[in-house]
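Asker: Numbering of the sequence shown is given in the UniProt record's numbering, commencing with residue 1 and proceeding in unit increments. Here a beta-carbon is modelled for each residue, glycine too, at the ideal position from N, C-alpha and C. Note that the coordinates shown come from a computational prediction; the quantities given were computed from them, not determined experimentally. Please find one structure pasted underneath; my questions will follow.
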Amino acid sequence: MENFGAVLKDIRISKNFRLKDLACNEISESTISRFENGVTKLSINHFYILLDRLGTSFSEFEELVHCYYSQKVCFWGELENAVNSSDIFLLQELVQKIELRQKQEKSLCNYHIKLITEQQINRLANLPYNSSKCNELIKYLLSVDTWMEYELKIFYNSVFFMNTKTISLLYRIVIKKTRHFLKTETGARRVIPLYLFNLELLLKK
Numbered sequence: 001m002e003n004f005g006a007v008l009k010d011i012r013i014s015k016n017f018r019l020k021d022l023a024c025n026e027i028s029e030s031t032i033s034r035f036e037n038g039v040t041k042l043s044i045n046h047f048y049i050l051l052d053r054l055g056t057s058f059s060e061f062e063e064l065v066h067c068y069y070s071q072k073v074c075f076w077g078e079l080e081n082a083v084n085s086s087d088i089f090l091l092q093e094l095v096q097k098i099e100l101r102q103k104q105e106k107s108l109c110n111y112h113i114k115l116i117t118e119q120q121i122n123r124l125a126n127l128p129y130n131s132s133k134c135n136e137l138i139k140y141l142l143s144v145d146t147w148m149e150y151e152l153k154i155f156y157n158s159v160f161f162m163n164t165k166t167i168s169l170l171y172r173i174v175i176k177k178t179r180h181f182l183k184t185e186t187g188a189r190r191v192i193p194l195y196l197f198n199l200e201l202l203l204k205k
C-alpha cells in the first residue's frame, strides 16, 4: 500500500477538498495528514470512509494507484531482466543504481526491490539468505490490510527464499486480502495468475 496516502492526497486536492472537509467523527485532520505523508496507516474501514467522502470507488482508486506507479522511477523491470538472465553482475549494478536513487529520493518500493535483489545475488552466489532482510519483506506483507499490485509483486518476486510454511501462510493471506482488488477487472487479471503460480509452487514443494 505504499503511496496510497500520496494518491489520496492527489484526489483530495483535485476535488478541492481541504483536510477539514474530508475529516469526520471517525477520522481526524491530523490522522488524514499523517496518512497522506506516509507516517501512519489507516484501517480498511477508515480508508473506505475517506474514499466514500471523496466520491471515489475502489476501482477508480486502484487505477489511479497503477498510474502513479507507472510514473515513478522504479526498478521492477530491471530486476526481472537480471533474474531471467541469471546475471549476478546485472543484479549488483541494480543494487548500486537503487542506492544512488535512494540518496536522491527515498522510495519504499525501490528499497524493497533492493532487498529482493540482494537475496537473488546470494542465491546465484550460493550464499545463505540474509534472514533479517527476508523477514523484513515478510513482515511488510503481513502488516498490509489490503493487497494490491505492489504487494503481489513483492510476494511473487520473494517466494524463492521462502519456506513452504511461509508461502502457505501468505497464500492464504493473498486470498483474504485481495478480495477488494479482485472486484476490479485489473485486479482479477493480476491476482488469478498469481494464485495459480503459488499453488503450483506449493505442490512442487
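#1: So, does the region 35-50 touch the region 141-154, judging by three or more C-beta pairs under 8 angstroms?
#2: Measure the C-alpha to C-alpha separation of S59 and K9 and round it to an integer number of angstroms.
#3: According to the neighbour-count rule (16 or more other Cβ atoms, all chains shown, within 10 Å of its Cβ), is S28 buried or exposed?
#4: So, under 8 angstroms CB-CB, G5 and E26 are touching, yes? Tell me the CB distance rounded to an integer number of Å.
#5: Report the start-end ranges of each alpha helix (DSSP H) in the region 104-161 that is 4 residues or longer and not cut off at the edges.
#6: Spatial neighbours of I113 within its chain, please: CB distance less than 6 angstroms, with the 5 preceding and 5 following residues excluded, ordered by chain position.
#7: Have a look at V65, T178, I116 and flag the residue whose alpha-carbon is nearest the alpha-carbon of S132.
#8: Among N3, I173, E62, which residue has its Cα nearest to the Cα of T40?
#9: For I13 and L64, which I take to be in contact (beta-carbon distance under 8 angstroms), what is that distance rounded to the nearest angstrom?
#10: Using the rule of at least 16 other Cβ atoms within 10 Å of the residue's Cβ for burial, across every protein chain shown, is E136 buried or exposed?
#11: Using a Cβ-Cβ cut-off of 8 angstroms, state whether F17 counts as contacting chain C.
#12: In terms of residue numbering, what span does the alpha helix (DSSP H) encompassing T166 cover?
#13: T31 lies in the alpha helix (DSSP H); which residues open and close that run?
#14: Relative to the alpha-carbon of Q119, which residue among K15, Q102, K176, V159 has its alpha-carbon at the smallest distance?
#15: Give the range of the alpha helix (DSSP H) segment to which S85 is assigned.
#16: Which residues in the same chain as L170 place their Cβ atom closer than 7 angstroms to its Cβ, once the five residues preceding and following it in sequence are excluded?
#17: Mind checking E105: buried by the 16 CB within 10 Å criterion, or exposed?
#18: Could you check whether L51 and F17 sit closer than 8 angstroms to each other, using their CB atoms as the reference points?
Answerer: Quick look at the numbers:
#1: yes
#2: Here residue 59 refers to the residue found at position 59 when the sequence shown is read from its first residue. Here residue 9 refers to the residue found at position 9 when the sequence shown is read from its first residue. Distance between the alpha carbons of S59 and K9 is about 17 angstroms.
#3: If you number the sequence shown from 1, residue 28 lands on position 28. The residue is exposed, with fewer than 16 neighbouring Cβ atoms inside 10 Å.
#4: Translated into positions along the sequence shown, residue 5 becomes position 5. Translated into positions along the sequence shown, residue 26 becomes position 26. Actually they do not touch by this definition, with Cβ atoms about 17 angstroms apart.
#5: 108-124, 131-143, 149-158
#6: Stepping through the sequence shown from its first residue, residue 113 is reached at position 113. F75, L79.
#7: The residue you call residue 132 lines up with position 132 of the sequence shown. Checking every option, the nearest Cα to that of S132 belongs to I116.
#8: To locate residue 40, count along the sequence shown from 1; it is residue 40. When only C-alpha atoms are compared, the closest one is N3.
#9: Within the sequence shown, numbered from 1, the residue matching residue 13 stands at position 13. Within the sequence shown, numbered from 1, the residue matching residue 64 stands at position 64. I13 to L64, Cβ: 13 angstroms. No contact.
#10: Within the sequence shown, residue 136 is the residue found at index 136, counting from 1. Classification of E136: exposed, given that the 10 Å Cβ count is below 16.
#11: Chain labels in this structure do not include chain C; a single protein chain is all it has.
#12: In the sequence shown, the residue the question calls residue 166 occupies position 166. Note, T166: alpha helix (DSSP H), 164-177.
#13: As a position in the sequence shown, residue 31 is number 31, starting the count at 1. 29-36 is the span of the alpha helix (DSSP H), which, as asked, contains T31.
#14: One-based indexing of the sequence shown puts residue 119 at position 119. Nearest of K15, Q102, K176, V159 to Q119, Cα basis: V159.
#15: On the sequence shown, position 85 is the one that residue 85 refers to. Per DSSP, S85 belongs to the alpha helix (DSSP H) from 76-85.
#16: Looking up residue 170 in the sequence shown gives position 170. Excluding positions up to five away in sequence, the list reads L141, F155.
#17: Along the sequence shown, one-based indexing puts residue 105 at 105. Per the 10 Å Cβ criterion, exposed.
#18: One-based indexing of the sequence shown puts residue 17 at position 17. One-based indexing of the sequence shown puts residue 51 at position 51. Going by C-beta atoms, F17 is not nearer than 8 angstroms to L51.
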